[in-house]
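Notes to accompany the following structure.
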Amino acid sequence: MRLVPISIIPEGSILGQSLSDEQGHILLQRGVKLKSTFLQQLLKRGYTSLYIEDAFTEAEVVEVYQPQVVAEIIAVAQSVTEQLGQPQVSQRGVGEKISRLTHILEGLLDTILANPDSVVHLLTLSSFDQFTYKHSLNCMALAVMLGDALDLDRGSLLNLAMGSVFHDMGKFFLSKDILLKPSKLTPDEMDCVRRHPRDGYDYLKKASQLLPTARIMALEHHEKWDGSGYPAGKRGDETFLHSRLFAVCDVFEALTANRPYRAGWKVSEGRAFVISGGGSHFDLDIVREFARCVNPYPLDSFVRLSDGREGVVRQVKRGMMDYPDVEIFVENGRAVQPYVEMLAKSHRVVVEAAIDEFSVRGIPLVSEG
Ligand SMILES: [Fe+2]
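Counting from 12, one number per residue, gives the positions in the sequence shown under this note's numbering.
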């Protein structure tokens, strides 16, 4: 499947990823044929892009997050947040919720680690409700994948996952006017935003069953390697490894995910931004590993090569992410009999850009099936 802006999706394309509401109810099932009325309604609801399957898609993508699981995590996390906001915190109530969450996250770890290629797909989930939680879940999958690549043990990965769920908890105590303000924030509003890591840390301290990792990640996720972050301006490895790792995922996800009415950056663009911040905003060792395991050109996506040919990404190997196998469909401005170009072998041609559609019309876009 591949991600395509709704404005250019032809009627009759097959939906590649189920869409659900915040309760986990399916709005549109994976596999349905998209009618133009559906597409118009989705645009109105704030969606910008959808995953589709068509004549060009081949890759089998696992849906790492089943809608019901997402809904349950959000419900449990919301309940913990509400309970911690009470003057008298019921430690038993919070403890039960955290045990439940631990159990769900344990299962998710296995799914994420078994399907690293699918992780980048969920990072562009279209969402219009509760995007703070959805952002947290997207970051979590990426952080777990990166933590595994950095050889963190399973207990550390679980802590990382738990910390990801609650990292922005301080934001729930921010006024909605600030949180959802579409225009630039005033200096006073910015000060409020910059308090959310400390606020989150203070609230999470009230949950005695939660390991310290989670609250430290909440406190440190906006710190930067060169000391230019907040709230404390910590430098280098003064921050905890989990926080440094998470900071990379947080920024990448914020750039690449679709938000209501705003399409995200392409994965290759977000990845390039993170790489450019290695050694300044981010820990360079973590960024190197990130570059090694985040695929800039997801399977089935369209790309243009440096020699002008256009095609579909078919295979990518770890450590060779910038040199995928590409099935060429357009050459010299014309549709050609498709063939596969292995960029890792040629060394002459590179991917120039991810594109939404081919420059040549007339290549069949809708599957006969
Ligand atoms: Fe944050």
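Think of the CB as a built atom: it goes at the ideal place given N, C-alpha and C, for glycine as much as any other residue.
Note that the structure is predicted; figures quoted are calculated from it, not measured.
{"query": "Cβ pair V10, G289 closer than 8 Å", "result": "Lying outside 12 to 380, the shown extent of the chain, residue 10 is not represented and no answer is given."}
{"query": "For I19, the three-state DSSP class (helix, strand or coil)", "result": "helix"}
{"query": "Euclidean distance between Cα positions of P349 and L14", "result": "21 Å"}
{"query": "Cβ neighbour criterion (16 or more within 10 Å) applied to S138", "result": "Its pLDDT being 48, under 50, S138 is placed unreliably in this model, and the value from its coordinates should be taken loosely. Classification of S138: buried, given that the 10 Å Cβ count is 16 or more."}
{"query": "Residues that A64 bridges to, as DSSP identifies them", "result": "Residue 64 is actually Glu in this sequence, not Ala. DSSP, once it has assigned bridges, lists I25 as partnering E64."}
{"query": "G380, buried or exposed, once every other Cβ within 10 Å from all chains shown has been counted against 16", "result": "The predicted model places G380 with a pLDDT of 36, which falls under 50 and marks its position as unreliable, so this point remains unresolved."}
{"query": "Y272 versus S24, G57 and S370, residue with shortest Cα-Cα distance", "result": "G57"}
{"query": "Range covered by the beta strand (DSSP E) that runs through F313", "result": "F313 to L316"}
{"query": "Pair within 8 Å by beta-carbon distance, V341 and S370", "result": "yes"}
{"query": "Cβ neighbours of L113 in the same chain (closer than 8 Å, five flanking residues each side left out)", "result": "Inspection of the sequence shows that residue 113 is occupied by Thr rather than by Leu. Result list for T113: L169 and M173, in chain order."}
{"query": "Short Cβ contact (8 Å threshold) for H178 with F257", "result": "yes"}
{"query": "Three-state secondary structure (DSSP) of R325", "result": "strand"}
{"query": "Beta-carbon gap between L50 and L39 smaller than 8 Å", "result": "no"}
{"query": "N-terminal and C-terminal residue of the alpha helix (DSSP H) that E300 is part of", "result": "L295 to C304"}
{"query": "Check: D179 C-beta below 7 Å from any heavy atom of ligand 1", "result": "yes"}
{"query": "Reduced DSSP category for I115 - H, G, I as helix; E, B as strand; rest coil", "result": "helix"}
{"query": "Which listed residue (A355, F313, R329 and M331) has its alpha carbon closest to that of A364", "result": "F313"}
{"query": "Closer than 7 Å: H207 CB and nearest ligand 1 heavy atom", "result": "yes"}
{"query": "Three-state class that DSSP yields for K331 in the structure shown", "result": "It should be noted that the sequence gives Met, not Lys, for residue 331. Correct three-state label for M331: coil."}
{"query": "Alpha-carbon spacing of L124 relative to D159, whole angstroms", "result": "8 Å"}
{"query": "Own chain residues within Cβ distance below 8 Å of A283, not counting five before or after", "result": "P307"}
{"query": "Within 8 Å, strictly: CB atoms of P127 and C304", "result": "yes"}
{"query": "CB contact flag (I115, V91, <8 Å)", "result": "no"}
{"query": "Whole-angstrom distance between M228 and L222, CA atom to CA atom", "result": "11 Å"}
{"query": "Closest Cα partner of V347 within the set A355, E338 and L354", "result": "E338"}
{"query": "Outcome for A154 when other beta-carbon atoms lying within 10 angstroms are tallied against a minimum of 16", "result": "buried"}
{"query": "Assigned secondary structure, F139 (DSSP; H/G/I helix, E/B strand, else coil)", "result": "With a pLDDT of 46 at F139, under the threshold of 50, the modelled position of this residue cannot be trusted; read the value that follows with caution. Residue state, collapsed to three classes: coil."}
{"query": "Residues bridged to G289 [DSSP beta-bridge criterion]", "result": "F293"}
{"query": "H358 CB to nearest heavy atom of ligand 1 below 7 Å", "result": "no"}
{"query": "Y212 - partner residues in DSSP beta bridges", "result": "According to DSSP, which records beta bridges pairwise, Y212 is partnered with nothing at all."}
{"query": "For R329, the nearest candidate out of L310, V262, I63 and E321 (CA to CA)", "result": "L310"}
{"query": "Proximity of S175 and M156 at Cβ, strictly below 8 Å", "result": "no"}
{"query": "Which of helix, strand or coil DSSP assigns to L82", "result": "Contrary to the premise, residue 82 reads as Ala rather than Leu in this sequence. A82: helix per DSSP, three-state reduction."}
{"query": "Helix, strand or coil at A364 according to DSSP, with G and I counted as helix", "result": "strand"}
{"query": "Expected contact under 8 Å - CB spacing of W236 and D294 to nearest Å", "result": "5 Å"}
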